[in-house]
Structures are given as C-alpha cells and as structure tokens.
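At position 134 of the sequence shown the residue is numbered 147 (the working numbering), and the sequence of numbers has no breaks.
Take a look at the structure set out below.
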Amino acid sequence: MSLMLESLAVREAPKMMAVAIILFLYYTGTLFLMYVAGYKAPLVGLRSYFDHRLTVNYRFFRGAAAIVNDGYSKYKNKPWAFARADIDMLVLPQKYVEELRNLPSSVASPTVAHAHNLMGSHTNMNIILRNNLHFRTLVEKLTPNLNSLTRPMQDELEYAVTRDLPDCKGA
14 MSLMLESLAV
24 REAPKMMAVA
34 IILFLYYTGT
44 LFLMYVAGYK
54 APLVGLRSYF
64 DHRLTVNYRF
74 FRGAAAIVND
84 GYSKYKNKPW
94 AFARADIDML
104 VLPQKYVEEL
114 RNLPSSVASP
124 TVAHAHNLMG
134 SHTNMNIILR
144 NNLHFRTLVE
154 KLTPNLNSLT
164 RPMQDELEYA
174 VTRDLPDCKG
184 A
C-alpha cells in the first residue's frame, strides 16, 4: 500500500509543482497590476505590500465601517481608496465636491454612477439612464401626496411600537 502511495506521489509531483507555479504567477501578477497600473491614491485596508486583493476584500466585508473611518482619519484632505468586491472606490475630500458639481454630465454623471452602483446591467436599473420617469414620479406624484401618507405611517409605527416593544417599568 505504501509503495502505491509513493508511486502516486511521484506521478503527481509535477502537476502539483505546475499548479503552485501558476498560483504564484497569478498572485504576483495581480499584485503588480494593483500597485503599478492602478491609480496612485493610497488603498486603505492594506496591512502590507504583499496583501492580496482577495484578503483586502474579505477584510472590508468583515469591518467596512472601521476601514472607512480609518481612511477618513488618516487622509483628511487627500484622496484615498478602499476595495469593494466589484471595484475600488475612490474617496475625495470635501474641497473637490464643488469642482465635481460644476463638471458637465458627460464627464461626471451621478445618474451613471448610481446605475453602476445598483448593477444596472443585471438589475435593469439602466432604465434610469434612458428616461427620468423615476424623478418625475417623485416630484409629481410622491412629494405632493406626502401629507396623505404621513398619518397612516405614524399610526402604523405607533401600533408596531406598542405591540413589539414592552413597556419600560421602573424608569
């Protein structure tokens, strides 16, 4: 039995070595692209130069608030980025907001950014790029009728609170 296992290990060794080399090349290649071909803003959430994107993504999913707060505290007046599952998000300081607001829609469009964040090509939210029905609905239908909606919402909230939250005794 042990002779058979040794024979199997000898035959599989070149395949295992090839897999190890391919994984090493993939790892170093993605590190190279991440640090050389990317933008020059610091990526918050990295612990070392050899941190891989997958570990940075995992770390973001486990503690996004801490990573974002860390970025804001370290880079108050400078651009910085954090890794999201689909793309790196660039965070700009407040001083650039007015400049961005003055750019034409063909250069920086909040609608296009919103459709991208909602994964418009997969969720059919790209429809907001073709017309402004969502905006007209809010302005023409919902906003004028807010007054008629607030009272039923308040009644429902009061009922839910009295039903689901016990009375506070001794306070």
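Where a beta carbon is used, it is the ideal one built from N, C-alpha and C, also for glycine.
Computed from a predicted structure; not experimentally measured.
Are the Cβ atoms of residue i and residue j separated by less than 8 Å?
i      : j     : result
ALA54  : ALA79 : no
VAL57  : GLY76 : no
PRO106 : LYS91 : yes
Below 7 Å CB to CB, which residues in the same chain sit around residue i once its five sequence neighbours on both sides are set aside?
i      : result
LEU59  : VAL69
LEU81  : Note that residue 81 is Val in the sequence shown here, rather than Leu. Closer than 7 Å at Cβ, skipping near neighbours: PHE95.
LEU131 : MET138
PHE37  : none
Assuming residue i and residue j are in contact, meaning their beta carbons sit under 8 Å apart, how far apart are those beta carbons, in whole angstroms?
i      : j      : result
ASN139 : ALA128 : 5 Å
ARG97  : PHE63  : With a Cβ gap of about 21 Å, ARG97 and PHE63 do not count as contacting.
Since residue i sits in a beta bridge, which residues does DSSP pair it with?
i      : result
VAL104 : TRP93
LEU56  : ALA94
Please identify the residue among the options whose C-alpha is closest to the C-alpha of residue i.
i      : options                       : result
LEU142 : LEU36, ASP101, SER122, PHE63  : SER122
ASN144 : MET29, THR124, TYR172, ARG176 : THR124
Return the chain-ordered list of same chain residues with a C-beta closer than 6 Å to the C-beta of residue i, the five sequence neighbours on each side being excluded.
i      : result
LEU113 : ALA121
HIS147 : ILE141
PRO157 : none
PRO27  : none
ILE34  : none
Here's a check: name, in chain order, each residue in its chain whose Cβ is nearer than 8 Å to the Cβ of residue i, leaving out the five neighbours to either side.
i      : result
VAL2   : Residue coverage of the chain in this structure runs from 14 to 184, which leaves residue 2 outside it and unanswerable.
ILE100 : none
LYS108 : ASN90
LYS154 : none
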